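Taking it in order: structure first as structure tokens, then the write-up.
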Amino acid sequence: MFSKLLIANRGEIAVRVIRACRELGISSVAVYSEQDRDAMHVRLADEAFALGGQTAAESYLNTEAILDVISRSGADAVHPGYGFYSENADFARAITSRGVTFVGPPPEAIEVMGDKISARLAAERCGVAGVPGTTEVITSTDDVAAFGAAHGYPIAIKAAYGGGGRGMKVVGGPDEIEAALESAQREAEAFFGRGECYLERYLTWPRHIEMQIMADHHGNAVWLGERDCSAQRRHQKLVEESPAPLLDDAIRKAMGDAAVAVARCCDYTNAGTVEFLYQDGEFFYLEMNTRLQVEHPVTEMVTGVDLVREQIRVAAGEPLSFTQSEVTSVGHAIEARINAEDPAGGRFLPSPGLLTSLRVPNGFGVRWDGGYEAGDTISQYYDNLIGKLIVWGSDRPTAIARMRRALGELSIGGVATTAAAHTAIMASEDFRAGTHSTKWVEEQLDLSGVSGKADGEASVGSGGTPDSDDMPRVRRDVVVEVDGKRFSVSAWVPETASAAAATASTRPRRASSTASASTGTGQVTVPMQGTIVKILVEVGQEVTSGEGVVVLEAMKMENSINADRSGTVTEIKVAPGDTVGAGDVVVVIS
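Our numbering numbers the first residue of the sequence shown as 128 and each following residue consecutively.
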């Protein structure tokens with residue numbers, strides 16, 4: 128078994144891996160950006176090292192900085208989590224070439240399956256049919272138009288080296304091709320470091336069902352049941368559950384066998400997920416994610432298998448601790464992703480800011496996997512997942528009732544969250560009947576009366592605020608860095624200095640506004656902090672109310688900022704690359 132494991136990630140998944148390491152007796156090493164200097168995963172790890180930088184590209188996607196920390200820390204294994212470098216063969220190869228174990232599949236398998244195009248070809252060789260699509264990277268809008276003419280619309284443009292809905296855009300007709308392709312390539316580049324894209328036919332009312340697989344170095348490969356991930360917005364999952372409702376056992380077994388076949392075709396080892404689209408009794412191979420999935424806890428809840436522990440054991444060369452015949456599914460589990468987004472009106476606008484309060488639910492069958500605590504900040508530079516609320520019930524109705532109860536106990540202040548949208552989903556007759564699809568949230572779920580804003584905010588101190596007595600000095604726990612390595616130390620400082628510091632830390636920061644720019648004043652403002660990636664208009668241009676004027680990227684998602692009235696553009700106050708704050712005016716219309 129490993130002695131020291133570095134987690135090349137942040138947030139909830141880094142916390143999850145740190146906890147698994149502690150149970151296995153492995154020392155954990157965290158890495159962090161300037162934004163994450165005092166993040167939860169940094170506080171929990173046995174050691175922590177600074178990467179520098181703020182954005183993902185400057186920190187968690189900085190290969191040389193991570194390799195340097197591996198060398199300095201003496202880590203003999205690296206867990207990539209999900210996102211960032213988790214499906215990057217070059218990163219995996221850079222790790223293994225130094226004699227350090229990559230907790231994931233071999234680089235060759237990542238290359239085959241991480242590239243969604245070659246993955247489609249590999250699946251076809253295994254006899255597993257996919258959704259009609261291209262097997263080459265698209266290079267121009269002409270490629271998209273030709274595919275649309277041959278297969279019809281809508282079309283999905285997808286990141287060839289991505290997943291999780293990032294870098295995916297749906298084209299409804301020829302006039303949408305150029306903007307959709309540019310947006311997909313930008314998002315793919317920002318989130319995965321590569322902008323290549325390919326095409327697929329976009330099914331009209333599919334369900335998204337995926338199979339969890341696990342394979343070791345001894346020739347064993349099994350599937351551990353399926354997860355239904357059909358409740359989505361912007362092609363990103365909101366709710367996942369296991370087992371999938373209304374799925375015939377014969378289809379379930381066929382999907383599982385197909386998933387194992389795909390894994391064996393590419394000599395896969397460690398944890399992976401094979402995703403399918405299911406419609407009208409047929410299933411189509413979608414892609415294979417060569418990593419741990421965000422929604423892995425629902426599989427853990429129904430099978431009793433600790434997937435992260437199993438990942439580490441397999442990477443250390445041990446055989447799987449179970450066989451296919453020993454995998455059983457008991458009861459029903461549901462996961463709700465609690466994101467820093469305001470779902471009001473179905474817009475799901477990012478809401479970075481300070482978590483002024485956080486109270487998580489508890490009780491029988493309830494689990495919280497989080498990456499933040501009260502007083503932490505949700506940064507605009509990274510994914511907006513605050514945590515995952517997972518429940519287990521003896522059957523699906525019990526699990527739904529338990530999730531509704533748990534959501535009622537969940538309380539988060541300072542940022543808007545998706546919790547209210549999850550409550551609406553659980554209450555919906557469509558969801559309860561299991562008749563929803565991947566398009567249901569955006570096309571049919573009524574979120575008009577839903578708000579993600581907290582009812583009230585409670586200021587949270589730094590802990591250790593002194594009482595109002597006459598003690599001249601008080602203890603303050605502070606964090607220092609020595610040669611880039613993080614240490615926690617205690618210092619005795621004058622009480623007045625301590626009080627001033629506590630006051631500063633409890634002062635609420637300006638949270639991102641989630642109000643829409645629909646005032647009709649002609650002063651078009653942005654509803655959140657972010658970066659301008661594209662200007663859609665020019666001075667003198669006539670625009671209509673609701674027409675996009677700029678594209679804003681926040682938390683790795685692109686958002687169209689629209690005109691609040693019809694008229695003529697008289698001033699553009701920003702340029703691509705500019706960072707703006709909530710309420711800033713970007714375009715003036717008269």
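Even for Gly, the Cβ is constructed at its ideal location relative to N, Cα and C. Computed from a predicted structure; not experimentally measured.
Whole-angstrom distance between residue j and residue i, CA atom to CA atom
i      : j      : result
Gly708 : Asn215 : 33 Å
Val651 : Gly540 : 27 Å
Gly588 : Asp503 : Reliability of the predicted coordinates at Gly588 is poor, the pLDDT of 30 falling under 50, and the value obtained from them is presented with this limitation in mind. Taking the straight line from one Cα to the other gives about 11 Å.
Thr190 : Ala311 : 24 Å
Asp496 : Glu139 : 7 Å
Thr697 : Val493 : 54 Å
Gly292 : Ile284 : 10 Å
Glu316 : Glu303 : 20 Å
Ser213 : Ser267 : 28 Å
Phe229 : Ser672 : 51 Å
Glu556 : Leu572 : 10 Å
Asn347 : Gly383 : 14 Å
Ile699 : Val713 : 6 Å
His362 : Arg146 : 30 Å
Tyr288 : Ala249 : 15 Å
Val577 : Leu476 : 13 Å
Lys661 : Gly294 : 16 Å
Thr630 : Gln656 : Summary for Thr630: the model assigns pLDDT 40, below 50, so the residue's position carries little reliability; its value from the coordinates is reported in the next sentence. Those two C-alpha atoms are separated by around 25 Å.
Thr525 : Met553 : 11 Å
Gly257 : Lys243 : 11 Å
Ile688 : Asp711 : 12 Å
Tyr395 : Asp343 : 8 Å
Ser357 : Leu132 : 34 Å
Ala442 : Glu669 : 59 Å
Glu569 : Ala547 : 15 Å
Pair within 9 Å by beta-carbon distance, residue i and residue j
i      : j      : result
Ala371 : Asp355 : yes
Gly399 : Asn416 : yes
Val227 : Ala202 : yes
Leu308 : Val271 : yes
Leu663 : Val677 : yes
Arg143 : Phe176 : no
Leu482 : Val542 : yes
Met341 : Glu437 : yes
Leu404 : Gln339 : no
Val607 : Gly649 : no
Cys148 : Ile465 : no
Gly275 : Pro301 : yes
Ala681 : Gln507 : yes
Coarse secondary structure for residue i, derived from DSSP in three states
i      : result
Thr658 : strand
Met295 : coil
Thr426 : helix
Leu171 : helix
Ala184 : coil
Ala652 : The sequence as given places Thr at residue 652; Ala does not occur at that position. Note: Thr652 maps to strand in three-state DSSP.
Arg474 : coil
Lys515 : strand
Leu326 : strand
Thr268 : helix
Val676 : strand
Ile461 : strand
His345 : coil
Glu337 : strand
His549 : helix
Lys131 : strand
Phe211 : coil
Ala283 : strand
Ser198 : helix
Ser586 : At Ser586, the pLDDT of 31 sits below 50, so the modelled position is not reliable; the number obtained from the coordinates is stated separately. Three-state result, Ser586: coil.
Trp567 : helix
Lys580 : coil
Ala141 : helix
Identity of the residue in the options nearest residue i by Cα
i      : options                           : result
Pro259 : Glu422, Gly201 and Glu327         : Glu327
Phe558 : Ile461, Ile265, His278 and Gly254 : Ile461
Pro234 : Val227, Lys243, Ala307 and Thr223 : Thr223
Gly152 : Ala172, Ser160 and Gln162         : Ala172
Pro207 : Gly231, Glu337 and Val156         : Gly231
Val454 : Arg379, Ile517, Val349 and Leu374 : Val349
Ala467 : Glu409, Gly498 and Thr545         : Thr545
Ala386 : Glu251, Glu674, Asp610 and Leu679 : Glu251
Arg220 : Thr262, Glu305, Ile237 and Ala702 : Ile237
Ile517 : Ser484, His563 and His459         : His459
Leu534 : Asp510, Trp567 and Gly490         : Gly490
Gly690 : Val609, Arg418, Ser717 and Ala463 : The question names Gly, yet the displayed sequence has Ala at residue 690. Here the closest residue by C-alpha is Ser717.
- request: List in chain order: all unbroken beta strand (DSSP E) runs of 3+ residues lying wholly within the segment 356-429.
  value: Segments of the beta strand (DSSP E) lying fully in the segment 356-429: 363-369, 397-406 and 409-416.
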